[in-house]
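Read top to bottom, the protein sequences are chains A and B.
Positions 71 to 183 (this note's numbering) are the ones given, in order, by the first sequence.
Positions -6 to 108 (this note's numbering) are the ones given, in order, by the second sequence.
The C-beta atom is built at its ideal place from N, Cα and C for all residues, glycine as well.
Given the structure is predicted, the values throughout are model-derived calculations rather than measurements.
Notes follow once the structure below has been shown.
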Amino acid sequence: KAGVTQTPRYLIKTRGQQVTLSCSPISGHRSVSWYQQTPGQGLQFLFEYFSETQRNKGNFPGRFSGRQFSNSRSEMNVSTLELGDSALYLCASSAAGGNSPLHFGNGTRLTVT
Amino acid sequence: EDKVVQSPLSLVVHEGDTVTLNCSYEVTNFRSLLWYKQEKKAPTFLFMLTSSGIEKKSGRLSSILDKKELFSILNITATQTGDSAVYLCAVEAGPLGGGADGLTFGKGTHLIIQP
Chain A
71 KAGVTQTPRY LIKTRGQQVT LSCSPISGHR SVSWYQQTPG QGLQFLFEYF SETQRNKGNF
131 PGRFSGRQFS NSRSEMNVST LELGDSALYL CASSAAGGNS PLHFGNGTRL TVT
Chain B
-6 EDKVVQSPLS LVVHEGDTVT LNCSYEVTNF RSLLWYKQEK KAPTFLFMLT SSGIEKKSGR
54 LSSILDKKEL FSILNITATQ TGDSAVYLCA VEAGPLGGGA DGLTFGKGTH LIIQP
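Right under this line is the structure:
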């Protein structure tokens, strides 16, 4: 079974630009979550989608948004990029129902200059 | 605010040693505690614990949860250089009957196994 796939692997953007990251979950998984990982803050929850609906949201500004498609694939968008948005963005998927652990992709390394 | 604290933050041991990594938490509406291993990129799932006192085991790794003391440990016996990684503890919370909140992660324990 293929794992969680994230594209692109690396991205370099300039302050003020916007960026879209993509995630394909494990086949059959309907929940997709996004996390930001930085050396200072560690892993922080951004949002979770299930059946194309945002089910939960972390404590990030409105510049961070996402969506999920009918095939469970998800995209995350960051607008008006700031230097502090430089991070590893990890997508994770889980099967529906309780007690299902998250399985992470390899992430997209975003550098904002 | 939910909080997960891991200790130690870093640990250097020799191959063959046994290590114990600690994770304490303060969350509202606890659902489960998870351990992950992160080497280069993707954190890989190790254990999910929901009940107190029941040890989960996978090869040389084992973990147990104490819901009264709000604490979990991850044990690795007969360590190997391939065990070198950052070990992350995370807690899932959420109200009964509702959706789960996102995972709250600790800062991780950076484990280095020297040959």
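Alpha carbon of residue i to alpha carbon of residue j, nearest angstrom
i                      : j                      : result
residue 17 of chain B  : residue 88 of chain A  : 38 Å
residue 61 of chain B  : residue 96 of chain A  : 35 Å
residue 51 of chain B  : residue 19 of chain B  : 26 Å
residue 2 of chain B   : residue 112 of chain A : 12 Å
residue 100 of chain B : residue 57 of chain B  : 19 Å
residue 175 of chain A : residue 102 of chain A : 11 Å
residue 92 of chain A  : residue 44 of chain B  : 35 Å
residue 67 of chain A  : residue 118 of chain A : Outside the shown range of chain A, which is 71 to 183, sits residue 67 of chain A, and nothing can be said about it.
Neighbourhood of residue i by C-beta distance below 8 Å, restricted to the same chain and skipping five residues each side
i                     : result
residue 84 of chain A : 151, 182, 183
Run of the beta strand (DSSP E) containing residue i, from where it starts to where it stops
i                     : result
residue 7 of chain B  : 3 to 7
residue 96 of chain B : Here residue 96 of chain B belongs to no beta strand (DSSP E), and DSSP marks it neither H nor E.
residue 89 of chain A : 89 to 94
residue 12 of chain B : 12 to 19
residue 75 of chain A : 75 to 77
Beta-carbon contacts of residue i that lie in its chain and below 6 Å, excluding the five residues immediately before and after
i                      : result
residue 64 of chain B  : 17
residue 107 of chain B : 7
residue 27 of chain B  : 41, 83
residue 97 of chain B  : -5, -3, 84
residue 68 of chain B  : 13, 55
Residue i - DSSP class collapsed to helix/strand/coil
i                      : result
residue 128 of chain A : coil
residue -5 of chain B  : coil
residue 59 of chain B  : strand
residue 75 of chain B  : helix
residue 25 of chain B  : strand
residue 99 of chain A  : coil
residue 51 of chain B  : strand
residue 83 of chain A  : strand
residue 118 of chain A : strand
residue 32 of chain B  : coil
Neighbour list for residue i in chain E, Cβ cutoff strictly below 8 Å
i                     : result
residue 35 of chain B : The structure shown contains no chain E; its protein chains are A and B.
Residues near residue i by beta carbon distance below 7 Å, same chain, minus five either side
i                      : result
residue 114 of chain A : 105, 106, 128
Contained beta strand (DSSP E) runs [length at least 3] in the stretch 138 to 180 of chain A, N- to C-terminal order: 144 to 148, 157 to 164
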